[in-house]
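Visitor: Please find one structure pasted underneath; my questions will follow.
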Amino acid sequence: MNVADVDLATSAESPRAALVAQLREQGSLRTDRVTAAFLAVPRHLFLPGVSLTRAYENDSVVTKRNEHGVSISSVSQPGIVAMMLEQAEVEPGHRVLEIGSGGYNAALLTELVGPDGAVTSIDIDADVIDRAHAGLAASGYTSVNAFRADGEFGAKDDAPFDRIIVTVGAWDVPPAWVEQLAEDGRIVVPVRMRGLTRSVVFERDGDQLVSRSVEVCGFVAMQGAGEHDERLVLLHGKEIGLRFDDEPPGDVDLLNGVLASPRTEVWSGVTVGNTEPFDTLQVWLATTVPGFCWLAVDPELDTDIVKPANRMASPAVVDGATFAYLTIRKASSEPGTSVYEFGVHSHGPDAETVAARFNEQVQVWDRSHRGGKGPRVTATPVGAPDEPQPGGSVIRKKHVTLTVSWT
Ligand SMILES: C[S@@+](CC[C@H](N)C(=O)[O-])C[C@H]1O[C@@H](n2cnc3c(N)ncnc32)[C@H](O)[C@@H]1O
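Given below as structure tokens:
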């Protein structure tokens, strides 16, 4: 089936074509080539035991959880798969490595590279590779080379690759990916930067990798050699969690009892409509505010002691014995309107100073970066002569130093 055969607007009788129409409309599918691949690949064959309706919803399907109930493998959400394939710009004849398997995306890639290309798909989990083999056999995409391996080390026997597409959350950019990338190749990877994941397209620029596009996404976390655990600080019993990507700044015991101190509240005057994205605000705060972390409230223990902008993950900051977080309030009292204003709540001995500083960064984002081109991310190998010094927008990883800049 190709795009011309399907009237996307009136194809609701076919679940696959209806999903494709939805992805086209929301902008996840932009090109005819990727659209045709989505029309061709039967996603339900990679989801045995899942209903046809569920298989063609724009939703991820969790296929494995760890002992704590955390999702460790899934068939990714079609909208995210589409967005990353559009970012990758895969061409006929390309050699592609997919890190994080399952079969569905490998089949889509096979459509995109055509008979002259090659797709290698690896997963750290043997069960996932078995599932991928079964789905690929059932759907006829038998040319994919799918095998068990830790993605940290790539797949050197099949290298070089024109595209490396990572479909698992990566904290770092290991050297094998760069070594196995063709000279004019592209890596598409969901990179975790201070607890925030963005799908970044990297291309080479000398010894560095430079981003060409940065998009919002969410993925299960990398296991194996590239695994990186967050640090969790609990407040008010276990009601409030502060998640740090690295070691928290200073002595977090100083925060004991901090919520018993009075709350300082400041408002930014920066407003947002309820359907308006503000993902670049999150990147701005995460990469410019020292002591940045994410605040989450346990829904079962929630006493309403904090009022974050998002109870599952709100930008926050710790500075000594003081902490502050992003909050939100309705900006207009007129019925029917849904415009919200950002503000900051803070507790602790320096609550006013820390809240003012955090609030100022919300205003800087609004004045200078809102609606702009978004962040540009550079990855420089650790130890390279031009490695940047640590600072507000410099994030040190084990293998690379990331610099986040704005134009
Ligand atoms: C979101 S799923 C991949 C979905 C897949 N691309 C598809 O077509 O549906 C992420 C996968 O990454 C795998 N994974 C986690 N850490 C890995 C690693 N170090 N190397 C390779 N695969 C890894 C997990 O086992 C999981 O199956």
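Heads up: the sequence shown is residues 190 to 596, going by my numbering. Just so it is clear, CB atoms sit at the ideal spot from N, CA and C, and this is done for glycine as well.
1. Since glutamate 300 and alanine 229 should fall inside the 8 Å C-beta cutoff, what is the C-beta to C-beta distance between them, to a whole number of angstroms?
2. Does DSSP classify phenylalanine 391 as helix, strand or coil?
3. For threonine 309, tell me which candidate among Asp347, Ser265, Thr516, Met272 has the shortest Cα-Cα distance.
4. Does DSSP put isoleucine 269 in a helix, in a strand, or in coil?
5. Please classify glutamine 552 as buried or exposed, where buried requires at least 16 neighbouring CB atoms within 10 angstroms.
6. With DSSP collapsed to three states, give me the class of isoleucine 494.
7. Return yes when at least one heavy atom of ligand 1 lies under 7 Å from the C-beta of threonine 356, else no.
8. Excluding sequence positions up to five away, which residues of its chain have a Cβ less than 6 Å from the Cβ of valine 593?
9. Rounded to a whole number of angstroms, what is the C-alpha to C-alpha distance between cysteine 482 and asparagine 255?
10. Which of helix, strand or coil does DSSP assign to leucine 334?
11. Roughly how many whole angstroms lie between the Cα atoms of arginine 232 and aspartate 339?
12. What are the start and end residues of each continuous alpha helix (DSSP H) run of 4 or more residues lying completely inside the stretch 220-296, in chain order?
13. Residue ranges of each beta strand (DSSP E) run of no fewer than 3 residues wholly in the stretch 362-406, ordered along the chain?
14. Whose C-beta lies closer than 6 Å to the C-beta of serine 253 among residues of the same chain, with five residues either side of it excluded?
15. In or out: serine 535 buried (at least 16 other Cβ within 10 Å) or exposed?
16. Would you check if there are 3 or more beta carbon pairs closer than 8 Å linking the stretch 266-280 to the stretch 314-323?
17. Glycine 509 and serine 450: beta carbons closer than 8 Å?
18. State the DSSP-derived secondary structure class of alanine 210, mapped to helix, strand or coil.
19. Measuring alpha carbon to alpha carbon, tell me which of Val317, Gln369, Gly291 ends up nearest valine 285.
20. Under 8 Å between the Cβ atoms of tyrosine 245 and alanine 296?
21. For a test of the three-state rule: what should DSSP assign to aspartate 196, helix, strand or coil?
22. State whether the stretch 406-417 contacts the stretch 458-474, with contact taken as three or more CB pairs (one from each stretch) at a distance under 8 Å.
23. Compare the Cα-Cα distances from glutamate 530 to each of Thr224, Glu541, Asp555 and report the closest residue.
24. Assign methionine 190 to one of two classes, buried (16 or more other C-beta atoms within 10 Å of its C-beta) or exposed (fewer than that).
25. For phenylalanine 391 and threonine 492, what's the separation of their Cα atoms in angstroms?
26. For leucine 236, collect the residues of the same chain with a Cβ closer than 7 Å to its Cβ; drop the 5 residues on either side in sequence, then sort them by chain order.
Guide: If we stick to the structure as given:
1. Here residue 300 is taken as the residue at index 111 of the sequence shown, counted from 1. Here residue 229 is taken as the residue at index 40 of the sequence shown, counted from 1. Sure, about 5 Å apart at Cβ, within 8 Å.
2. The sequence position of residue 391 within the sequence shown is 202, counting from 1. Of the three classes helix, strand and coil, the one that applies to phenylalanine 391 here is strand, per DSSP.
3. Residue 309 sits at position 120 when you count from the first residue of the sequence shown. Nearest option by C-alpha distance: Asp347.
4. Position 80 of the sequence shown, counted from the start, is the residue given in the question as residue 269. Here isoleucine 269 sits in helix by DSSP.
5. Counted from its first residue, the sequence shown places residue 552 at position 363. By the neighbour-count rule (16 or more Cβ atoms within 10 Å), glutamine 552 is not buried but exposed.
6. One-based indexing of the sequence shown puts residue 494 at position 305. Three-state result, isoleucine 494: coil.
7. The residue given as residue 356 occupies position 167 in the sequence shown. The answer is yes for threonine 356.
8. Against the sequence shown, residue 593 aligns to sequence position 404. Taken in chain order, the residues that qualify are Thr476, Pro564, Val566, Ser582.
9. By one-based count along the sequence shown, residue 482 stands at place 293. By one-based count along the sequence shown, residue 255 stands at place 66. Looking at the two C-alpha atoms, the distance is approximately 25 Å.
10. Counting from 1 along the sequence shown, the entry for residue 334 is found at position 145. It is worth fixing the name first, because residue 334 is asparagine in this sequence and not leucine. Of the three classes helix, strand and coil, the one that applies to asparagine 334 here is strand, per DSSP.
11. The sequence position of residue 232 within the sequence shown is 43, counting from 1. The sequence position of residue 339 within the sequence shown is 150, counting from 1. Cα to Cα, the separation comes out at about 25 Å.
12. Runs of the alpha helix (DSSP H) lying entirely within the stretch 220-296 and spanning at least 4 residues, in chain order: 221-229, 241-244, 267-277.
13. Counting whole runs of 3 or more residues, the stretch 362-406 contains the beta strand (DSSP E) stretches 370-382, 385-394, 397-405.
14. In the sequence shown, residue 253 corresponds to position 64, counting from 1. The question names serine, but residue 253 is lysine in the sequence shown. Around lysine 253, the same chain offers Ile261, Ser262 as residues with beta carbons nearer than 6 Å, after the five sequence neighbours per side are excluded.
15. Counting from one through the sequence shown, the residue named residue 535 turns up at place 346. Counting Cβ neighbours within 10 Å, serine 535 comes out buried, since at least 16 surround it.
16. In this structure the stretch 266-280 does not lie against the stretch 314-323, because fewer than three pairs of beta carbons, one per stretch, are closer than 8 Å.
17. Here residue 509 is taken as the residue at index 320 of the sequence shown, counted from 1. Here residue 450 is taken as the residue at index 261 of the sequence shown, counted from 1. Their beta carbons are not under 8 Å apart, which means glycine 509 does not touch serine 450 by this criterion.
18. Position 21 of the sequence shown, counting from 1, holds the residue named residue 210. In this structure, alanine 210 counts as helix in the three-state DSSP scheme.
19. As a first step, residue 285 must be located in the sequence shown, where it is residue number 96. Ranking the options by Cα distance to valine 285, first place goes to Gln369.
20. Against the sequence shown, residue 245 aligns to sequence position 56. Against the sequence shown, residue 296 aligns to sequence position 107. No, the Cβ-Cβ distance between tyrosine 245 and alanine 296 is not below 8 Å.
21. Numbered from its first residue, the sequence shown carries residue 196 at position 7. With a pLDDT of only 49 at aspartate 196, under the threshold of 50, the placement of this residue in the model should not be trusted; the figure read from the coordinates follows. DSSP places aspartate 196 in coil when its eight states are reduced to three.
22. no
23. Residue numbering aside, residue 530 sits at position 341 when the sequence shown is read from its first letter. Selected option, being the one with the closest Cα: Asp555.
24. In the sequence shown, counting from the first residue as 1, residue 190 sits at position 1. Residue confidence for methionine 190 is low, a pLDDT of 43 falling below 50, so the modelled location carries little weight; the figure read from the coordinates is stated next. Per the 10 Å Cβ criterion, exposed.
25. As a first step, residue 391 is located in the sequence shown; it is residue number 202 there, counting from the start. As a first step, residue 492 is located in the sequence shown; it is residue number 303 there, counting from the start. Approximately 43 Å between the Cα atoms of the pair.
26. The sequence position of residue 236 within the sequence shown is 47, counting from 1. Excluding residues within five positions, the ones whose Cβ falls inside 7 Å are Ala244, Val250, Val264.
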